Every structure is written in C-alpha cells, then in structure tokens.
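Contents: one structure, followed by commentary.
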Amino acid sequence: MSTRVPTPDEIRAWPVTVDVPTAGRAFGVGRDESYRLAKQGRFPVPVLRLGRYLRVTRASVLVALGVSDTSDTIP
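Going by the working numbering, the sequence shown opens with residue 10, and the numbers climb by one from there.
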C-alpha cells in the first residue's frame, strides 16, 4: 500500500499537534512503521506522550522537512 505524502501547504493546515501516523505520512512512513519508530525513539521528530496519546507538533515536522511555517505564495 502506498502512502501519499502531503504537500507543504497541507501540512501547514494541520492542527498544532497531530497523531504519529499523520506525521509519519509527511516522511513517507505508514501507520505501523510510524508507531514502531516512535516506540523505539527513532521517529524523525520528537514525539510527545500526552496521557495515552502520542502527538507530534506541526512545527517540528515542518522544520525536519526544511519547510517554512508560512506559505511562499502571495494571496
């Protein structure tokens, strides 16, 4: 199964934090692999444990991808 990688504009539209599988899509990683990497401490960005939930910040994903937090296009 192929995982579609979101565009930078789609990532910028994410909430401030997203679940691990959503963040994994930005790196071309599927759900199971995302959780495995997070459990091993090898996910590409820091993973926050909030109770029983694993979350990743949108900003950390953008930084890891080398993408600015603002759109390069002028409305």
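Don't be surprised by glycine CBs; every beta carbon is placed ideally from N, CA and C. Note that the coordinates shown come from a computational prediction; the quantities given were computed from them, not determined experimentally.
Return the CA-CA distance between residue i and residue j, expressed in angstroms with no decimal places.
| i | j | result |
| --- | --- | --- |
| residue 39 | residue 33 | 6 Å |
| residue 52 | residue 66 | 13 Å |
| residue 72 | residue 61 | 25 Å |
| residue 49 | residue 55 | 12 Å |
| residue 27 | residue 63 | 9 Å |
If you count every other CB in all the chains shown that lies within 10 Å of the CB of residue i, and 16 or more means buried, which is it?
| i | result |
| --- | --- |
| residue 57 | exposed |
| residue 77 | exposed |
| residue 22 | exposed |
| residue 59 | exposed |
Suppose the cutoff is 6 Å on Cβ atoms and the five residues either side in sequence are ignored; what does the same chain contact list for residue i look like?
| i | result |
| --- | --- |
| residue 43 | 29, 30 and 33 |
So, under 8 Å CB-CB, residue i and residue j are touching, yes? Tell me the CB distance rounded to an integer number of Å.
| i | j | result |
| --- | --- | --- |
| residue 96 | residue 47 | Absent from the model: residue 96. The displayed extent of the chain is 10 to 84, so no value can be given. |
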